[in-house]
Amino acid sequence: MNFPWLTVLIVWPLVAALATVLTGRGRSGATGGAGHARTVALGGSLVEVALAVGAFLAFDTARAGEHQLLETHQWIPSIGASYAVGVDGVALLLVGLSVGLVPLVILAAWKEQAGDHVRLRKYLAIVLVLQSFMVAVFAARDVFLFYVLFEAMLIPVYFLIGAFGQGAQRRYAAVKFLMFSLAGGLIMLLAVIGLYFQVPAADRGPQTFLTENLAGMDLGTTAGRLLFCGFFVAFAIKAPLVPVHTWLPNVAENSTPGTSTLLIAVLDKVGTFGMLTLCLPLFPEASRWAAPVIVVLGVISILYGAILAIGQSDLLRLIGYTSVSHFGFIILGIFTFTSMGTAGASFMMLNHGISTAALFLIAGFVIARHPERSQRIADYGGVRLTAPILGGTFLIAGLSTAALPGLANFVSELLLFLGVFSAVQWAAIVAVPVVVLAAVYVLLTYQRIFTGTVPAALAADGKIPDLDARERTVAGVLVAVMLLLGFVPGLGLRYVHAPAATTIEQVEVSDPPPVLGAASSDAAAALSTVGSKEVAL
Amino acid sequence: MQILGLAPWLVGFPLAGALILLVGGRRLDSWGHWLGVLASTASFGAGLALLLDLLAQPTADRVHVYSLGTWIEAGSFTLDAAFRIDPLSLTFVLLVTFVGTLIHIYSVAYMAHDKSRRRFFGYLNLFVASMLLLVLADSYVLLFVGWEGVGLASFLLIGFWDHKIENAVAGKKAFVMNRVGDMGLITAMMLMIWQFGSLSFDDVLSGAPGLQQGAATAIGLMLLLAACGKSAQFPLQAWLGDAMAGPTPVSALIHAATMVTAGVYLLVRSAPILEAAPTAQLVVVIVGAITLLFGAIVGCAKDDIKKALAASTMSQIGYMMLAAGLGPIGYAFAIFHLVTHGFFKAGLFLGAGSVMHAMDDSVDMRRFGGLMKALPWTAATMGLGWLAILGVPPFSGFWSKDKIIEAAFVGEGWRPWVFGLVALIGAGITAFYMSRLFFMTFAGRRRWPVKDGREVTPHESPALMLWPMIILAVGSVALGFVLQLGGGFTTWLEPVTGHVEHHEPVLAVPVIMTLTLVLVALGIWLAFRQYAMSAVPVEAPRSTVLVRAARQDLYQDPVNEGVVMLPGQVLTRTLVYADRAAVDAGFMSLATGVKKAADGLRQAQNGFVRTYAATSLGGLLVVAAIVWALAG
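Quick note, the sequences are listed as chains A and B, same order.
The numbering used here puts the first residue of the first sequence at 125, with every later residue one more than the last.
The numbering used here puts the first residue of the second sequence at 59, with every later residue one more than the last.
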């Protein structure tokens, strides 16, 4: 029996959450209790990181296209639902993202909610519970289990936004989030039930809902398309795709940066992850059928999100809209069915997670320096002058979001462009201006916050403190990871390369071959003035 | 062959320097700048070693690829992290590291009083590393990494003094306009993958002759768009003048000698693609011709010494672009002029920095005059640079620019006459505006600025600044002559640009040369009469329509604002409003309506449950709508 890495990764945060709640109980009023709870939560999340390292080591990248670290147990045999977990390369990366970001979020929010230690304990416990759900949803290999987790995640997020948010409209934002998500969830529930009834009665068994059992199923055209739509709509709301994105800016504006990080950088990936690992393998025909419409929506999202980001005056809303743009790109990559685009989309899920986390958390550090915690970009200016590390790390995070080479997003965005173009030329061409728009929203924001003169309302003496050791740790880790993934993209690509090929096979599409085959280039070589000698290392 | 392993280190030294300087913090303040100089020097040394190694080999064997192994493997796409060591890349390596090291040294003194000198050297090292990666890359992807890296360094250095918002805005403007060009490079890469399935130089360039006309033209034009952004060519030229907000050594290194010539490099490197696309070649020549006149005209009207030089840079790169578009007869001269220009323009900029240093950071030439005596070394070095850019024999520019003018006169039909004449007239205008700059600064009566009731007292710059200027001045004098000896430079580039038989221009060579020199003499004479013999007014006179237009950069900013920025702002505002008032409001009113209906149906008191019910119903409606839409 192999070590149940994934179950341990799912259960451990729950243990840590319980420990956090129990720490310092009864010592009312003593801030010491709160401090301990923080330490316990951080320690717990770091142990989780160590466990995840174990899982990565146990994973065989040579077989990254297959699900590994498998565990399958009966759960509700009467409806064919099992507790089945396992990860392919893409899922493992997203598990890694969920695990890696939580300690940074806890550390970044070290001083938030610090006044009230009962509240703080609750906050930390909810974050850890959410982590457990996130790991589980990426690891789920059973459609029913996936659905249950997909819905269950809403509850901790609802509280993180509504109860612990910073904005005046946090309750409104929380309800709006819930409303959109539940609407999507309900549609998905219908699809899950419909899927069950599509399985011939004779074939139904205790493992009916296992993804691999459903994937090979021969669905009728109409049924397949309807069920596809059920799943897709739920995922499109989560991811979010224009026009069902409007919950996101409210949430980003009214949540703490930590919550936005968990929600937008990690949890929303469930949407694109679901498209990639459920929609495509379960409904290949329907995916190809719906692709033209989805491609249009994806292209619209890319440009629309970027243009709206430029027009925002609230820093956190702005970051929210940049994500709409990126999710559009990921979805475009998934639904143009090329191995390059699919690999790019999968890798982008990781990179976007890290860059967006960096943007949200560092923006949080900026906001924490304003006497009134203003999120209005116009209330800032000249911050870099006395806080160069803050300015530098924010710029790096922003440039990574804008896919500057050498930083995380670049290689994935390039692969997306190349892949999309080789299949659907017009979509890539129409999306290209996003490289200018992204530069504008990043640099305009940087210019307004970090350059020029310091407004008196921000700091009367013009001095804004730079990052302290705790904040430097958070920003430093994220910057290091962005640089690492930018210069050594193989670190992430080795996990998505093989799954991309598997996905393309599942949708029954093959990569378009280059226009000029090998034959013509041989003839051309003789004409060319360029020759070179390969040098062995 | 072990020596090829130095190629990654060329990039590695300055990259390490940049990292150490930027992460190291204040404790490096006292000696960090010397670390920056060392890193640049180390790259120069490595480049020199590679050069000697290459020279020892037969001409045909001088193209090498050194791979560090697979860099990207994703789906059907694979790419090595590979470096290309050949005469073209090494030419750039030596230009960048030699001029770069001199400018590093100059900056030690120039930036001595700046609290952020360490950060400055960090950025400068970052620039050198990126520029070397750009020219050494063996694929369009890796080239793009360097391409964006130099753009980032340029952005950081233009906005180096970003407490002044206008400097920060200038940096942003440069980056964003460069990104417009980058759309071209990204699109070109997409087209290449579509056509060749690869982005390495070998695959793309050897496959280029097999391209269909349309595809070749598309790739060629996209590469040109990229080149226009990076090299400030029409219509993406507007950022270069504003880029002068950066410290002067930056203007010398990045915005004169090296980075802005990367567009020319890109086109010459991609020569087989352009040769497969005659239409794209013609557009390249036209862009070059327009820009060389544009820059020259603007240069005549600028009173800011740095902006006059920037306009001149734009114009000179126009010459290089024009040459690159002419095909095989032009490549070698484009690169040759690029090298000589790198020397004399860097020297001119460093000279301008020295003048500014002496004149209390003033850049207004109307406030200079008569500085010859006070700044003899600066005047002498700038004077040699001036003669070089004019193309006066035997100075460097004569050997490179005159060759481009001659090449422009080669061909059939109307083209040689039009492009040849433009190049010729450009030479005359160049002579006028550069002489104007030189005379306004060093000749005539002094018109020095007055501060606190006292006139500034100019002083010659320290040795650390003068020596780089002197070395560049020597280059301005002799480099052109030395490199052309026995056709040396064109032969050296042949493994990359191919061998070209001599072509006879439509006018005899001596005629072209004579005409050029007459126009140059005329330009000098006009400038001498107006700026050396007569008094220069301290305030710019109102002057003619053309002069006023030229002062306003031929209205490039109002045009950009009206055509691009204003519609963009309107679109952004409209969409922001529509997102709230239409898209969001639509969903919310749907939800409210559903909620009201649900409230009527059931008497649930719990808010949570009620919301659930409401949204469930909403969800059902959406499903129904979708089913209906799909069925219909």
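Glycine included, C-beta positions come from ideal geometry on N, C-alpha and C.
Query, Result
"Neighbourhood of residue 398 of chain A by C-beta distance below 6 Å, restricted to the same chain and skipping five residues each side", "359"
"Below-8 Å beta-carbon distance, residue 184 of chain A vs any chain B residue", "no"
"Closer than 8 Å to chain A by CB, residue 71 of chain B", "no"
"Span of the beta strand (DSSP E) around residue 140 of chain B", "135–143"
"Contact residues within the segment 239–252 of chain B, judged by C-beta distance below 8 Å to chain A", "240, 241, 244, 245, 247, 248, 249, 251 and 252"
"N- and C-terminal bounds of the alpha helix (DSSP H) containing residue 226 of chain A", "213–232"
"Whole-angstrom C-beta distance between residue 173 of chain A and residue 224 of chain A, which should lie under 8 Å", "6 Å"
"Contact residues within the segment 635–647 of chain B, judged by C-beta distance below 7 Å to chain A", "637, 641, 642 and 645"
"Supposed contact pair residue 257 of chain A and residue 312 of chain A - C-beta distance, whole angstroms, cut 8 Å", "Not really, about 16 Å apart at Cβ, beyond 8 Å."
"Cutoff 7 Å; reference residue 655 of chain A; Cβ partners in own chain excluding five residues on either side", "Here residue 655 of chain A scores only 39 on pLDDT, less than 50, and its place in the model is too uncertain to base an answer on."
"Same chain, Cβ closer than 6 Å to residue 577 of chain A, neighbours up to 5 away in sequence not counted", "505 and 506"
"Cutoff 8 Å: residue 590 of chain B Cβ touching any chain A Cβ", "no"
"Meets three-Cβ-pair contact criterion under 8 Å: the segment 589–608 of chain A and the segment 515–534 of chain A", "yes"
"Limits of the beta strand (DSSP E) - the one that residue 129 of chain B falls within", "122–132"
"Cβ-based neighbour list, residue 198 of chain A, same chain, cut-off 7 Å, excluding 5 preceding and 5 following", "206 and 330"
"Residue range of the unbroken beta strand (DSSP E) whose run includes residue 197 of chain A", "192–200"
"Interface flag, residue 476 of chain A vs chain B, CB-CB below 8 Å", "no"
"Burial state of residue 604 of chain A, where buried means 16 or more other Cβ atoms lie within 10 Å", "exposed"
"Classification of residue 285 of chain A by the beta-carbon crowding that lies within 10 angstroms, buried from 16 upward", "buried"
"8 Å Cβ cutoff, residue 552 of chain A in contact with chain B", "yes"
"Length at least 4, wholly inside the segment 436–503 of chain A: the alpha helix (DSSP H) runs in chain order", "439–458 and 463–492"
"First and last residue of the uninterrupted alpha helix (DSSP H) at residue 378 of chain A", "371–378"
"Contacts of residue 630 of chain B in chain A (Cβ-Cβ under 8 Å)", "431, 432, 434 and 435"
"Touch test, the segment 483–494 of chain A against the segment 429–441 of chain A, Cβ-Cβ under 8 Å, three pairs minimum", "yes"
"Exposed unless 16 or more other CB atoms sit within 10 angstroms - verdict on residue 325 of chain A", "exposed"
"Interface flag, residue 596 of chain A vs chain B, CB-CB below 8 Å", "no"
"Residue 215 of chain A beta carbon less than 8 Å from that of residue 463 of chain A", "no"
"7 Å CB neighbourhood of residue 227 of chain A in its chain, flanking five on each side removed", "166, 169, 170 and 173"
"Coil, strand or helix - residue 518 of chain B by DSSP", "coil"
"Separation of residue 178 of chain A from residue 380 of chain A, as counted between CA atoms", "31 Å"
"Chain B contact for residue 529 of chain A (CB, 8 Å cutoff)", "yes"
"Straight-line Cα distance separating residue 458 of chain A from residue 540 of chain B", "57 Å"
"CA nearest to the CA of residue 538 of chain B, picked from B:325, B:394 and B:97", "B:394"
"Helix, strand or coil at residue 559 of chain B according to DSSP, with G and I counted as helix", "coil"
"Residue 582 of chain A (DSSP reduced to helix, strand or coil)", "coil"
"The segment 326–336 of chain B / the segment 631–649 of chain B touching (three or more Cβ pairs under 8 Å)", "no"
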